[in-house]
Amino acid sequence: MESLKNCLIIDTEIETIYLFGKFKVNEKREIIGNSIGVNSLYNIQLQGYPYFCGKMTFEANIFLDDINKKISGKGRYIVAEISVNGKYAVKLIVSESSDISAFLKKGNNTIRITITSSMRNML
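Heads up, my numbering is the position in the sequence shown plus 6, with the first residue counted as 1.
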């Protein structure tokens with residue numbers, strides 16, 4: 007006679023859990039502390055944000071004598087929106103660089119980059 011021990015099957019799904027807050031995660035998926043930023047825009051997933059999906063904004067003030075410049079945004083993101091001195095300059099979607107000379111001035115300049123990331127950075 008067959009045992010009834012293996013006759014019951016329960017088909018369930020495990021729901022995804024999302025954690026929100028200011029923290030980073032290491033390669034072992036351990037929380038490693040407060041969100042304190044990244045060193046570069048390239049490979050944010052290796053800098054504590056392996057599961058980040060959303061927008062991050064970075065801003066820098068730079069001093070320029072020569073205003074003939076291109077901006078290069080090589081990294082793992084979907085879109086990078088660039089503004090220079092408070093004015094929209096370019097949106098990098100397909101290309102990795104663009105000439106921003108028309109928006110620069112000699113002296114101090116403020117460059118703001120907003121990247122939009124998705125779970126693509128896990129691939």
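Where is the CB? At the ideal position from N, CA and C, for every residue including glycine.
Straight-line Cα distance separating Y83 from Y24 = 20 Å
Would you call F58 buried or exposed, if buried means 16 or more other Cβ atoms sit within 10 Å of its Cβ?
-> buried
Measuring alpha carbon to alpha carbon, tell me which of N115, T120, T18 and L47 ends up nearest T73.
-> It should be noted that the sequence gives Ile, not Thr, for residue 73. I73 has its Cα closest to that of N115, out of N115, T120, T18 and L47.
I113 and L47: beta carbons closer than 9 Å?
-> Note that residue 113 corresponds to Gly in the displayed sequence, not to Ile. Result no, Cβ atoms of G113 and L47 do not sit closer than 9 Å.
Do the CB positions of V85 and I117 come within less than 9 Å of each other?
-> no
Does the beta carbon of S123 fall short of 8 Å from some heavy atom of the ligand ZN?
-> The ligand ZN is absent from the structure shown, which contains no ligands of any kind.
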